[in-house]
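**Q**
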RNA sequence: GGUCCCGUAGCUCAGUUGGAUAGAGCAGCGGACUUCUAAUCCGCAGGUCGCAGGUUCGAAUCCUGCCGGGAUCGCCA
């Protein structure tokens, strides 16, 4: 049950009655109607602007119209009080016993509470990570990886048909460099002293096994070849090894993509899809030969003013037209990315989401312009930029040296603090704000550490079940079943606060999903945990408020139902974030 | 210089897509607690939402222009 959706239908029914009795014209529409929790809880449980939205149509001032509307709402069950406030808000306060229905709804095994159908099964493509296959994943990739994965979970929970996708940039100049780096390791594996890795090549040790394997498979055969002959072989082996490593790194974060699309395969497959895309754009009159002005305000070494094939990106909202073909005849990265997005669209994804790092923010307009052009305005691309992660260790910044290839990898982080802490922390911030990640803090067992705080709430709930089992052995300590609890017994303000929070979950899921903002789920969990801890603490002062009352099984059952409901919603939120809910603290 | 993002309490950040008197957590101040329902709790104080205009019943939120911080600018990926 979605509290706000439920009352929206009641309000709309009241509006219909207003039309029936002539207060409103038949054609009056509720555009911009809101049914939401008021900002200030003192105003009640549900606020609606219905009267304000309809005032003009009714030729009545909003407060007067609100008076008529509330006359009809009063007849509805569950409403304890109706206030008309401010410019014409209608505030509904529900009867305390209403909230028990939320607990019932959460515990109903026939549906998953919070799950939504707003997605209507629409196909949606989430492309995330897409790191170059030239080495292990490091912190920079980690945030986008976790973000994309949680967003995909969230969208699935909200009823979309989600595909998780990874674009493998295995075609550009970078992977050639990577291949040459691997070739050096190959020569090294054959006993040659290669000295220091030259500037510009990949220095990391992770290519050594690739070199060794090449030596094993090819012996000295590659030494006598021209680069044009050995490069494809070495490059392919290096990329394959890098992708294996990346998939392993993703797996330790519990991230599993459905589809990997190779850039090279777009070009070298049965049909050159990049060429086909450029042809198509040319037919549409969107490609021309021309010159680009050099970037202003920044001197560029070796800027080459030349006539080239340009895509009319400016017609679709970009600042400048974009090059498609490099001077060496190869496709620009952008050209193959256009082909890739055209491919996505042709696979039935009208809605696409790309998750990128901050360093790609300058690329956003271009790609969105491309999608507009390629889909005739039918496709929609949302690009989520993940800002930088700053690493700290007990408040001290962690230094990273990229030059030596000695950066902090996903593996390092997960091994040190655990997958769940990494995932939660990466989501405990809006994606477009920078994030501070402190190795010491995320494993701290204190109120300061939101990971702990939320995990602890779930563990506490389960500790109640274990205690309940000791007191009443018929109760299953893992999953106590309580038949027909008398939920009206839950009338303390701290209990009602928890139930209200539970009531907000479905709405929260919907808004987070439509905004493509999984961090809202993390903050919600923190709030819910806060309410639950608050209730727990009240039980310390007021023993009669404790969950388990030996002399009163009926009350205990009602409270256990509430604890169960809380644990379930925490669990549902954790599932969206991809964080494991723990039942016991170590 | 252009573009994009950010600017909210001393600090770190939320803010339900335009709603009412802007919220949390730290830190601060004042109390309580000496405990396994443990890994603290309760209360208080704290604000010109960067600045100035605009849009309207109503703006932290939308539009414009400034100021400050960050990222980015390519035939790289």
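Residue numbers (this note's numbering): -13 to 572.
Glycine residues also receive a C-beta, built at the ideal position from the N, C-alpha and C atoms.
All values reported here derive from a predicted model rather than from experimental measurement.
1) Report all residues from its chain with a CB closer than 7 Å to the CB of residue 101; omit the five preceding and five following residues, and keep chain order.
2) Do you know how far the Cα of residue 115 is from the Cα of residue 127?
3) Using only CA atoms, which one of -5, -4, 44 and 30 lies nearest to residue 7?
4) Drop a sphere of 10 angstroms on the beta-carbon of residue 389, count the other beta-carbons inside from all chains shown, and report buried for 16 or more, exposed for fewer.
5) Consult DSSP for residue 188 and reduce its assignment to one of helix, strand or coil.
6) Do you know offhand how far residue 294's Cα is from residue 278's?
7) Any heavy atom of the ligand SAM closer than 7 Å to the beta-carbon of residue 291?
8) Taking residue 379 as part of the alpha helix (DSSP H), name the residues at either end of that continuous run.
9) Across which residues does DSSP place residue 424 in a beta bridge pair?
10) State whether the segment 412 to 424 contacts the segment 120 to 134, with contact taken as three or more CB pairs (one from each stretch) at a distance under 8 Å.
11) Considering only the beta carbon of each residue, do residue 89 and residue 548 sit closer than 8 Å?
12) For residue 308, which of helix, strand or coil comes out of DSSP?
13) Is the CB-CB distance between residue 461 and residue 545 below 8 Å?
14) Taking contact to mean at least 3 C-beta pairs separated by less than 8 Å, is the segment 253 to 261 in contact with the segment 322 to 335?
15) Could you tell me which of 332, 381 and 253 sits nearest to residue 321, measuring between CA atoms?
16) Ignoring anything shorter than 3 residues or poking outside the segment 56 to 117, list the beta strand (DSSP E) runs there in chain order.
17) Less than 8 Å separating the beta-carbons of residue 446 and residue 463?
18) In three-state terms, what does DSSP make of residue 358?
19) Could you name the residues of the same chain whose beta carbon sits closer than 7 Å to that of residue 228, not counting the 5 residues immediately before and after it, in chain order?
20) Going by the CB atoms, is the gap between residue 68 and residue 78 shorter than 8 Å?
21) Would DSSP call residue 297 helix, strand or coil?
22) Rounded to the nearest angstrom, what separates residue 181 and residue 117 at their Cα positions?
23) Can the beta-carbon of residue 555 be found less than 8 Å from the beta-carbon of residue 92?
24) Around the Cβ of residue 362, are there at least 16 other Cβ atoms within 10 angstroms (buried) or fewer (exposed)?
25) Which first and last residues belong to the beta strand (DSSP E) in which residue 169 is found?
26) To the nearest angstrom, report how far apart residue 338 and residue 153 are at their CA atoms.
27) What would DSSP say about residue 150, mapped onto helix, strand or coil?
28) Pick helix, strand or coil for residue 435, following the three-state DSSP scheme.
29) May I have the straight-line CA-CA distance separating residue 509 from residue 491, to the nearest angstrom?
30) For the alpha helix (DSSP H) holding residue 516, just list the boundary residues, first then last.
31) Helix, strand or coil: which one does DSSP assign to residue 258?
32) Enumerate in chain order the residues of its own chain whose CB-to-CB distance from residue 173 is below 8 Å, with the five nearest sequence positions on each side excluded.
33) Under the rule that 16 or more other beta-carbon atoms within 10 Å means buried, what is residue 384, buried or exposed?
34) Which same chain residues end up closer than 6 Å to residue 412 when comparing Cβ atoms and leaving out the 5 residues on each side of it in sequence?
35) Tell me which same chain residues have a C-beta within less than 7 Å of the C-beta of residue 103, skipping the five on either side of it?
36) Are the CB atoms of residue 309 and residue 300 nearer to each other than 8 Å?
**A** Result, derived from the coordinates:
1) Taking residue 101 as the centre and dropping the five residues before and after it, the same chain places the C-beta of 143 closer than 7 Å to its C-beta, in chain order.
2) The alpha-carbon separation between residue 127 and residue 115 amounts to approximately 6 Å.
3) Cα-wise, what sits closest to residue 7 is 44.
4) Any reading at residue 389 must be qualified, since the residue scores a pLDDT of 49, below 50, and its modelled position is unreliable; no value is offered.
5) DSSP, read as helix, strand or coil, puts residue 188 in coil.
6) Distance between the alpha carbons of residue 294 and residue 278 is about 8 Å.
7) Absence of the ligand SAM from the depicted structure is noted, as is the absence of any ligand whatsoever, leaving it without description.
8) Here residue 379 belongs to no alpha helix (DSSP H); instead the beta strand (DSSP E) covers 375 to 379.
9) Beta-bridge pairing links residue 424 to 378.
10) The segment 412 to 424 is in contact with the segment 120 to 134.
11) For residue 89 and residue 548, yes; Cβs fall inside 8 Å.
12) Collapsing the DSSP output to three states places residue 308 in a strand.
13) No, Cβ-Cβ distance for residue 461 and residue 545 is not below 8 Å.
14) Segment contact: the segment 253 to 261 against the segment 322 to 335, three or more CB-CB distances shorter than 8 Å; contact assigned.
15) Nearest option by C-alpha distance: 253.
16) For the segment 56 to 117, whole beta strand (DSSP E) runs of length 3 or above, ordered along the chain, are 65 to 71, 75 to 80 and 109 to 113.
17) When the beta-carbon positions are compared, residue 446 and residue 463 stay at least 8 Å from each other.
18) Of the three classes helix, strand and coil, the one that applies to residue 358 here is helix, per DSSP.
19) Taken in chain order, the residues that qualify are 119, 120 and 121.
20) Contact: yes.
21) In the structure shown, residue 297 sits in a strand (DSSP, three-state: E or B).
22) So the alpha carbons of these two residues sit roughly 29 Å apart.
23) Going by C-beta atoms, residue 555 is nearer than 8 Å to residue 92.
24) Label assigned to residue 362: exposed.
25) No beta strand (DSSP E) contains residue 169, which is instead part of the alpha helix (DSSP H) from 159 to 175.
26) Distance between residue 338 and residue 153, taken at the CA atoms: about 13 Å.
27) Three-state result, residue 150: strand.
28) Three-state result, residue 435: coil.
29) Cα to Cα, the separation comes out at about 11 Å.
30) In this chain, the alpha helix (DSSP H) harbouring residue 516 covers 505 to 527.
31) Correct three-state label for residue 258: coil.
32) Within the same chain, residue 173 has close Cβ partners 180, 197 and 209.
33) Exposed, because fewer than 16 other Cβ atoms sit within 10 Å of the Cβ of residue 384.
34) 129 and 132, listed in sequence order.
35) Cβ neighbours of residue 103 beyond the five flanking positions: 145.
36) Result no, Cβ atoms of residue 309 and residue 300 do not sit closer than 8 Å.
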